[in-house]
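Q: One structure follows; several queries about it will come next.
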Amino acid sequence: MSLDKYVSFATKSFTLPDICIRIRSVLDNPRSSANDLGDLISLDSSLTAKVLRLANSSLFRFPSQVESVSKAINIIGGEALYNLVVAETANTAFKYFDTKLIDLDKHWFDSVYCGMVAKQLAKASNIRGSERFFVMGILQNLSELVIAKRSPELYKNYIEQDNDMLLGARQIHHFGFTFSNCSGTILESWKLPLVLYYPVMHANDMSRQAADSDIALLALASRVTSMQQNKKTDADIELFLEDIANNSGVNLDDVANAIEFADRETAKISMLIH
Numbered sequence: 001m002s003l004d005k006y007v008s009f010a011t012k013s014f015t016l017p018d019i020c021i022r023i024r025s026v027l028d029n030p031r032s033s034a035n036d037l038g039d040l041i042s043l044d045s046s047l048t049a050k051v052l053r054l055a056n057s058s059l060f061r062f063p064s065q066v067e068s069v070s071k072a073i074n075i076i077g078g079e080a081l082y083n084l085v086v087a088e089t090a091n092t093a094f095k096y097f098d099t100k101l102i103d104l105d106k107h108w109f110d111s112v113y114c115g116m117v118a119k120q121l122a123k124a125s126n127i128r129g130s131e132r133f134f135v136m137g138i139l140q141n142l143s144e145l146v147i148a149k150r151s152p153e154l155y156k157n158y159i160e161q162d163n164d165m166l167l168g169a170r171q172i173h174h175f176g177f178t179f180s181n182c183s184g185t186i187l188e189s190w191k192l193p194l195v196l197y198y199p200v201m202h203a204n205d206m207s208r209q210a211a212d213s214d215i216a217l218l219a220l221a222s223r224v225t226s227m228q229q230n231k232k233t234d235a236d237i238e239l240f241l242e243d244i245a246n247n248s249g250v251n252l253d254d255v256a257n258a259i260e261f262a263d264r265e266t267a268k269i270s271m272l273i274h
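Read in order, the letters of the sequence shown correspond to residues 1 to 274 in UniProt numbering.
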């Protein structure tokens with residue numbers, strides 16, 4: 001089955017909640033204000049509670065309590081708030097594509113772990129809007145659930161085949177594309193911003209890792225996650241391929257700090273969104 005058919009299956013099966021589209025519309029309207037955004041989010045009490053819990057979590061580490069959406073907008077900005085809403089939506093999407101072939105709780109935990117590592121690495125390299133890396137890390141392997149649900153037999157062959165091929169190469173061998181490429185294309189079809197879907201779409205593209213720091217950082221976070229969460233198979237994975245090392249802007253100390261942070265905080269954050 002082609003990538004386009006998996007993307008079509010995903011986008012027809014699950015659509016972004018209206019609140020995501022409306023928030024995006026407010027952010028893209030130069031006439032809109034922070035109050036407009038706050039009023040919109042406040043209409044959904046459950047979403048408001050989750051966003052405030054995330055704003056007060058270790059993701060941001062504010063010195064004082066953030067007790068209102070308006071204060072959250074003033075402190076972290078509208079784009080950061082939008083990214084938190086997308087992260088919350090991701091959990092719903094993961095559940096929608098649940099399949100017996102994948103341990104959903106582990107898949108969600110690993111995805112949040114990747115997001116935590118990616119955010120910390122982005123922060124260490126002084127990239128603006130580091131919270132978007134949290135969202136990208138979470139969404140990078142969304143398509144694995146989509147593929148397993150749509151093509152269970154093909155996915156079973158993929159996970160059961162024991163060989164020495166790198167993960168991305170195995171995915172291309174079995175499906176003709178990588179999971180990150182499929183995930184990024186799904187995000188593009190959902191009309192998420194370019195800064196979210198483009199790095200996900202090309203995370204396994206080595207030539208782009210050398211040219212785009214966002215892609216290099218996301219690829220590094222993915223490798224760190226594989227090394228830490230799949231120690232039986234990926235403990236010896238090479239983290240700093242030449243292109244990633246040259247363009248990520250981080251070093252081994254930054255990676256160690258990101259791992260320490262993710263090891264300590266991922267369970268708390270994943271439960272806040274779950």
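We put the beta carbon where it would ideally sit given N, CA and C, even for glycine.
Please state the DSSP three-state secondary structure of Phe-60.
A: As a position in the sequence shown, residue 60 is number 60, starting the count at 1. It is coil, neither helix nor strand.
Q: Which stretch, first to last residue, makes up the alpha helix (DSSP H) that contains Thr-225?
A: Reading the sequence shown from its first residue, position 225 is the one you call residue 225. Segment 213 to 229, the alpha helix (DSSP H) holding Thr-225.
Q: Please classify Leu-192: does DSSP put it in a helix, a strand, or coil?
A: Within the sequence shown, the letter at position 192 stands for residue 192. The answer is coil: DSSP assigns Leu-192 none of H, G, I, E or B.
Q: Just mark His-202 as buried or exposed, buried being the case when its beta carbon has 16 or more other beta carbons within 10 Å.
A: Taking the sequence shown and counting its residues from 1, one reaches residue 202 at position 202. A residue is called buried when at least 16 other Cβ atoms come within 10 angstroms of its Cβ; His-202 meets this threshold and is buried.
Q: In whole angstroms, what separates the C-alpha of residue 277 from that of Arg-223?
A: Because the chain spans 1 through 274 in this model, residue 277 falls outside it and cannot be assessed.
Q: Tell me the DSSP secondary structure of Ala-235 in three-state form.
A: Residue numbering aside, residue 235 sits at position 235 when the sequence shown is read from its first letter. With a pLDDT of 49 at Ala-235, under the threshold of 50, the predicted position of this residue should be treated as unreliable, though the coordinate-derived value follows. It is coil, neither helix nor strand.
Q: Straight-line CA distance for Leu-166 to Ser-248?
A: Within the sequence shown, numbered from 1, the residue matching residue 166 stands at position 166. Within the sequence shown, numbered from 1, the residue matching residue 248 stands at position 248. Going from the Cα of Leu-166 to the Cα of Ser-248 covers about 21 Å.
Q: To the nearest angstrom, how far is it from the Cα of Met-116 to the Cα of Thr-266?
A: Here residue 116 corresponds to residue number 116 of the sequence shown, with the count starting at 1. Here residue 266 corresponds to residue number 266 of the sequence shown, with the count starting at 1. Taking the straight line joining both Cα atoms gives about 7 Å.
Q: Have a look at Leu-104 and Arg-53 and give me their C-alpha separation to the nearest angstrom.
A: Taking the first residue of the sequence shown as position 1, residue 104 is located at position 104. Taking the first residue of the sequence shown as position 1, residue 53 is located at position 53. One C-alpha to the other measures close to 23 Å.
Q: According to DSSP, simplified to helix, strand and coil, what is Phe-261?
A: In the sequence shown, the residue the question calls residue 261 occupies position 261. It is helical.
Q: Let's test the definition: count the other Cβ atoms within 10 Å of the Cβ of Leu-121 and tell me whether it reaches 16, buried, or not, exposed.
A: Counting from one through the sequence shown, the residue named residue 121 turns up at place 121. By the 10 Å Cβ count, Leu-121 comes out buried.
Q: Please classify Asn-157: is it buried, with 16 or more other beta-carbons within 10 angstroms of its beta-carbon, or exposed?
A: The count along the sequence shown starts at 1 and reaches residue 157 at position 157. Per the 10 Å Cβ criterion, exposed.
Q: Considering only C-alpha positions, which residue in the set Phe-177, Tyr-6 and Asp-18 is nearest to Lys-191?
A: Position 191 of the sequence shown, counted from the first residue, corresponds to residue 191. Comparing Cα-Cα distances from Lys-191 to each of Phe-177, Tyr-6 and Asp-18, the minimum goes to Asp-18.
Q: Compute the distance between the beta-carbons of Ile-259 and Ser-57, then report whether it is under 8 Å.
A: Taking the sequence shown and counting its residues from 1, the one referred to as residue 259 is at position 259. Taking the sequence shown and counting its residues from 1, the one referred to as residue 57 is at position 57. Result no, Cβ atoms of Ile-259 and Ser-57 do not sit closer than 8 Å.
Q: If the criterion is Cβ atoms closer than 8 Å, does the pair Phe-97 and Trp-108 meet it?
A: What you label residue 97 is simply residue 97 of the sequence shown in a count that begins at 1. What you label residue 108 is simply residue 108 of the sequence shown in a count that begins at 1. For Phe-97 and Trp-108, no; Cβs fall outside 8 Å.
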